[in-house]
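S.K.: Dropping the structure in here first, questions after.
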Amino acid sequence: MSRVNPLWMWLLFAALLLLTSAWSLITGALDIPTQQLLNVIQQSLGWTPSSTIPIHFQITLMEFRLPRLLLALLVGAALAISGAAIQGLFRNPLADPGLIGVSSGAALGAVLIIVLGDTLLSHWSFFAGRWALPITAFIFGLLTTLIIYRIGTRGGYTQVSTLLLAGIAMNAIAGAGTGVLTYLADDTQLRSLTFWSMGSLAKASWLDLKVVAPFIILPIVILPFLSNALNGFLMGESVASHLGFSVRWTKRLIIVLTSLAVGAAVSVTGVIGFLGLVVPHLLRILVGPDHRLLLPASALCGALLLALADMLARTVVAPAELPIGLIMALIGGPFFMSLLLKPSFASNRTL
Amino acid sequence: MKKLLFIEIFVLSTFLYIGLASKAQANNMRVVSIDGSITEIIYALDMQSALVGVDTTSRYPDEAIDLPKVGYMRQLSAEGILSLNPSLIIATDEAGPSEVLEQLKVAGLEVVIIDNDTSLNGVYEKVRTIASLLKAEAKGEKIIKGLQANINQMTEQLNEKRWVSPPRVMFLLAAGSHGTMIAGKNTQADAMISLMGGINVASEFNSYKPLTPEGAVQVLPDIIVIADTRGNANVLDSFELLKYTPAAQNNRIVQADSMLLLGFGPRIDKAMSTMAPAFYVSR
């Protein structure tokens, strides 16, 4: 299979991204007439609309759909680029951001607030208000990663295999904590945490967006600069260091940046699986293993896919909503399997 | 620019609000109900023509199942609800996420949150509030009077056949494939037990916990109430040991639909009368 010319690929992705964004803004449970759509666009550009806009059209577009679309783009990009970077770092196609503990840690933090927020942790819940859950999830995600990293690091040198095993152990411990809390939970709490573990963008608002955007944009901008080092890693750590990359710092930076991005994403949307695993694989087939292309392409493609999935989540069972994690897995699973069945897959899996 | 937008939103929402208010007066309401008991009350008030959407806990009466579903009450979607073009949203304090309810208010909708108080007064208050929201106060008072009369009569009968000490009641929730759970403190089931003058055998924990047969025999319940979510759970067959409890030996076991027994809605008198026979000392 010949690889796609990069220029064409960028143009294609950019066009698809624009199309999807526009499409997702004009579709939804509420039917907005084209004339009103144009009016809202005119108004938000500072022009006077040709007729008055009913408030619910205005609000739906500007306060529901737009922040939600932007959040989907950010979170999708964050999960996919982190997945690509982590797979490169571990030189393991099965790796995803969950491996460094950030998702399971964040889940533990979220469940703590859902179950104990009204009792043991009521002071904190009261103090932090609606931010209690995202902040706790974020901190627990980072803490778990930190512990895994500490265990995996001996004398300033991080051993990837130890890191992997420490990740598995910490995931088990965090999972057990979540299990204990699940046992303690009552009916409504149980429903809440089930839904949290399936992800949703329904709560997206401009405020959420402002709070998480820095944590996500920073890694998306910086990670591509580590592409050359990651390419060096593909040939082994000693080769990478002979090529002049600081192996230690590359590892640290990648772990810190991905856990920031994934932690922030998970804390506002809940768990959205599969994206971080599937997107880099798909793109390795399209553009090859070169991280200079792979990382930015993953970000774009992740944003695109999550925006599409969220559009489905919003419309398939309207006026209700499907959890987006469910849609990702439903589409991602069979799609990934079809990739595996292709004869070209084995020969292209150069990782 | 942004300021202008806000002013415009404010002005428009004021207009819309006035528009909605006058609409409501014309009894042209479009209501979304986000709780099973609220939906039941709206049907009892004979105002179902105003209902344009319900949540997934609204499963009674049968016609309510066919209404557009806005999802589970703690997992609502602002745009989904908005697409039904409602004028009024009635929910309990359990509805969520709070951000979505906030968004609906921003969009100019009237969102009324009713306390989910599990007591008789709570039920009356719920009926009264919803009746006044739907401009059906007279019908609401009639329902409350009827409930009070039925319940007074029943309490008298129960008092005539009063137990020497309050009966020990085990309240089970047969939740289909989720297994059988026993109701602890701070549950609707616990409130139902006290309404009937009984004592909950499982008062050492909160909420519902999986039933262990040995534990059930150990606490020796005088009465067993089974709330069934699916309609035909056979709890006694799957928990043989329950047959050795005083409740089973004296045939003091009631089984009924969970929506009826735990709904705390306009059928609360019927729920109590369903359980009453098991609570009489002599029959």
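For the protein sequence lines, the chains are A and B, in the order given.
Terminal number for the first sequence in the working numbering: 331, no gaps in between.
Terminal number for the second sequence in the working numbering: 291, no gaps in between.
For glycine and all other residues, C-beta sits at the position ideal for the given N, C-alpha and C.
Measuring CB atoms only, is the stretch 59 to 66 of chain A touching the stretch 252 to 259 of chain A, in the sense that at least three cross pairs come out at less than 8 Å?
M.R.: Output reads yes: the stretch 252 to 259 of chain A touches the stretch 59 to 66 of chain A.
S.K.: Can you find the residues in the same chain that come closer than 6 Å, C-beta to C-beta, to arginine 48(A), ignoring five residues on each side of it along the sequence?
M.R.: By 1-based counting over the first sequence, the position of residue 48(A) is 68. If we look at arginine 48(A) and ignore the five residues flanking it on each side, its Cβ neighbours are Leu181, Ala184.
S.K.: Excluding five sequence neighbours on each side, which residues of the same chain lie with their C-beta closer than 7 Å to the C-beta of proline 218(B)?
M.R.: Within the second sequence, the letter at position 210 stands for residue 218(B). Only Gly187, Met189 meet the Cβ criterion.
S.K.: Just how far apart, CA to CA, sit lysine 113(B) and serine 95(B)?
M.R.: Your numbering for residue 113(B) matches position 105 in the second sequence. Your numbering for residue 95(B) matches position 87 in the second sequence. Cα to Cα, the separation comes out at about 11 Å.
S.K.: Which residues does DSSP pair with phenylalanine 247(B) in a beta bridge?
M.R.: Here residue 247(B) corresponds to residue number 239 of the second sequence, with the count starting at 1. Partner(s): none; phenylalanine 247(B) has no beta bridge.
S.K.: Is glycine 130(B) close to chain A, meaning its C-beta is less than 8 Å from at least one C-beta of that chain?
M.R.: Position 122 of the second sequence, counted from the first residue, corresponds to residue 130(B). By this cut-off, glycine 130(B) is not an interface position.
S.K.: With DSSP as the reference, label glutamate 102(B) as helix, strand or coil.
M.R.: Position 94 of the second sequence, counting from 1, holds the residue named residue 102(B). Here glutamate 102(B) sits in coil by DSSP.
S.K.: Mind listing the chain A neighbours of valine 78(B)? Cutoff is C-beta to C-beta under 8 Å, in chain order.
M.R.: For the purposes of this step, residue 78(B) is taken as the residue at position 70 of the second sequence. Per Cβ cutoff of 8 Å: Pro299, Ala300.
S.K.: According to the neighbour-count rule (16 or more other Cβ atoms, all chains shown, within 10 Å of its Cβ), is proline 199(A) buried or exposed?
M.R.: Indexing the first sequence from 1 puts residue 199(A) at position 219. It is buried - the Cβ of proline 199(A) has at least 16 other Cβ atoms within 10 Å.
S.K.: Residues of chain B with CB under 9 Å from threonine 116(A), in chain order?
M.R.: Within the first sequence, the letter at position 136 stands for residue 116(A). Per Cβ cutoff of 9 Å: no residues; threonine 116(A) is ~16 Å from chain B at best.
S.K.: Could you name the residues that DSSP lists as bridge partners for proline 218(B)?
M.R.: Within the second sequence, numbered from 1, the residue matching residue 218(B) stands at position 210. Beta-bridge pairing links proline 218(B) to Met189(B).
S.K.: Tell me which residues of the stretch 99 to 127 of chain B have at least one Cβ-Cβ distance to chain A shorter than 9 Å, keeping chain order.
M.R.: Per Cβ criterion, the list reads Glu102, Gly104, Pro105, Ser106, Glu107, Val108, Glu110, Gln111, Val114, Ala115, Gly116, Leu117.
S.K.: Using the Cβ count rule (16 or more neighbours within 10 Å means buried), how would you classify arginine 275(B)?
M.R.: Stepping through the second sequence from its first residue, residue 275(B) is reached at position 267. With 16 or more Cβ atoms within 10 Å of its Cβ, arginine 275(B) is classed as buried.
S.K.: Whole angstroms is fine: what's the gap from threonine 47(B)'s alpha carbon to leucine 250(B)'s?
M.R.: Reading the second sequence from its first residue, position 39 is the one you call residue 47(B). Reading the second sequence from its first residue, position 242 is the one you call residue 250(B). Each residue's Cα considered, the two are about 35 Å apart.
S.K.: Please determine whether the Cβ atom of isoleucine 61(A) lies at a distance below 7 Å from any heavy atom of the ligand SAH.
M.R.: Among the components modelled here there is no ligand, and therefore nothing to report on the ligand SAH.
S.K.: Comparing C-alpha positions only, which one of Glu71(B), Gln111(B), Met204(B) sits nearest to leucine 41(A)?
M.R.: Here residue 41(A) refers to the residue found at position 61 when the first sequence is read from its first residue. Out of Glu71(B), Gln111(B), Met204(B), Gln111(B) has the C-alpha closest to the C-alpha of leucine 41(A).
S.K.: Please identify the residue among Ala293(A), Ile307(A), Met291(A), His261(A) whose C-alpha is closest to the C-alpha of lysine 322(A).
M.R.: For the purposes of this step, residue 322(A) is identified with residue 342 of the first sequence, where counting begins at 1. Of Ala293(A), Ile307(A), Met291(A), His261(A), the residue nearest in Cα terms is His261(A).
S.K.: Please determine, among Met215(A), Lys190(A), Ala244(A), the residue with the shortest C-alpha to C-alpha distance to leucine 113(A).
M.R.: Reading the first sequence from its first residue, position 133 is the one you call residue 113(A). Among Met215(A), Lys190(A), Ala244(A), the Cα nearest to that of leucine 113(A) is on Ala244(A).
S.K.: Residues of chain B with CB closer than 7 Å to the CB of glycine 8(A), please, in chain order.
M.R.: On the first sequence, residue 8(A) is found 28 positions in, with the first residue counted as 1. Chain B residues near glycine 8(A): Glu87.
S.K.: Could you compute how far the alpha carbon of glycine 8(A) sits from the alpha carbon of glycine 56(A)?
M.R.: As a position in the first sequence, residue 8(A) is number 28, starting the count at 1. As a position in the first sequence, residue 56(A) is number 76, starting the count at 1. Glycine 8(A) and glycine 56(A): Cα-Cα distance of roughly 20 Å.
S.K.: So, alanine 235(B) versus alanine 182(B), is the Cβ gap smaller than 8 Å?
M.R.: One-based indexing of the second sequence puts residue 235(B) at position 227. One-based indexing of the second sequence puts residue 182(B) at position 174. For alanine 235(B) and alanine 182(B), yes; Cβs fall inside 8 Å.
S.K.: Considering only C-alpha positions, which residue in the set Val262(B), Pro254(B), Gly148(B) is nearest to valine 243(B)?
M.R.: Residue mapping note: residue 243(B) aligns to position 235 of the second sequence, counting from 1. If we check each option's Cα against that of valine 243(B), Val262(B) comes out closest.
S.K.: Against chain A, does tyrosine 216(B) count as a neighbour if the rule is that its beta carbon must be under 8 Å from one of theirs?
M.R.: Stepping through the second sequence from its first residue, residue 216(B) is reached at position 208. Tyrosine 216(B) counts as touching chain A.
S.K.: Report the neighbours of glycine 61(B) on chain A: residues whose CB is nearer than 9 Å to its CB, in chain order.
M.R.: Within the second sequence, numbered from 1, the residue matching residue 61(B) stands at position 53. The answer, in chain order, is Pro299.
S.K.: Would glycine 271(B) count as contacting chain A if we go by Cβ distances under 8 Å?
M.R.: As a working mapping, residue 271(B) is identified with position 263 in the second sequence. Taking Cβ atoms only, chain A never reaches closer than 8 Å to glycine 271(B), which makes this a no.
S.K.: For serine 95(B), would you say it is in contact with chain A, using Cβ-to-Cβ distances shorter than 8 Å as the test?
M.R.: The residue labelled residue 95(B) in the question sits at position 87 within the second sequence. With 8 Å as the cut-off, serine 95(B) does not count as an interface residue toward chain A.
S.K.: Distance check for alanine 199(B) and serine 1(A), CA to CA, integer angstroms please.
M.R.: On the first sequence, residue 1(A) is found 21 positions in, with the first residue counted as 1. On the second sequence, residue 199(B) is found 191 positions in, with the first residue counted as 1. C-alpha separation (whole angstroms): 50 Å.
S.K.: Name, please, each residue of chain A whose Cβ falls closer than 9 Å to the Cβ of leucine 219(B).
M.R.: Numbered from its first residue, the second sequence carries residue 219(B) at position 211. Those within 9 Å of leucine 219(B) in chain A number zero; the least Cβ separation is about 15 Å.
S.K.: So which of Glu71(B), Asp43(B), Pro76(B) has the shortest CA-CA distance to threonine 65(B)?
M.R.: Counting from one through the second sequence, the residue named residue 65(B) turns up at place 57. For threonine 65(B), the nearest C-alpha among the options comes from Asp43(B).
S.K.: Give the list of continuous alpha helix (DSSP H) stretches no shorter than 4 residues that lie fully inside the stretch 82 to 157 of chain B.
M.R.: Counting whole runs of 4 or more residues, the stretch 82 to 157 of chain B contains the alpha helix (DSSP H) stretches 86 to 90, 106 to 114, 128 to 141.
S.K.: Just tell me which of Gly88(B), Asn124(B), Asn36(B) has its CA closest to the CA of serine 45(B).
M.R.: Working through the second sequence from its first residue, we reach residue 45(B) at position 37. Of the listed residues, the one whose Cα sits closest to serine 45(B) is Asn124(B).
S.K.: For valine 209(B), tell me which candidate among Thr220(B), Pro229(B), Trp171(B) has the shortest Cα-Cα distance.
M.R.: If you number the second sequence from 1, residue 209(B) lands on position 201. Ranking the options by Cα distance to valine 209(B), first place goes to Pro229(B).
S.K.: Which chain A residues are close to glutamine 196(B), counting only those with a beta carbon under 8 Å from its beta carbon?
M.R.: For the purposes of this step, residue 196(B) is taken as the residue at position 188 of the second sequence. By Cβ distance, chain A contributes nothing, its closest Cβ being about 10 Å from glutamine 196(B), past 8 Å.
S.K.: Going by DSSP in three states, methionine 42(A) sits in which element: helix, strand or coil?
M.R.: Taking the first residue of the first sequence as position 1, residue 42(A) is located at position 62. Methionine 42(A): helix per DSSP, three-state reduction.
S.K.: Give me the chain A residues within the contact set of leucine 92(B), using Cβ-Cβ distance strictly less than 7 Å, ordered along the chain.
M.R.: Position 84 of the second sequence holds residue 92(B). In chain order: Pro299.
S.K.: For the beta strand (DSSP E) holding glycine 61(B), just list the boundary residues, first then last.
M.R.: In the second sequence, the residue the question calls residue 61(B) occupies position 53. Per DSSP, glycine 61(B) belongs to the beta strand (DSSP E) from 59 to 62.
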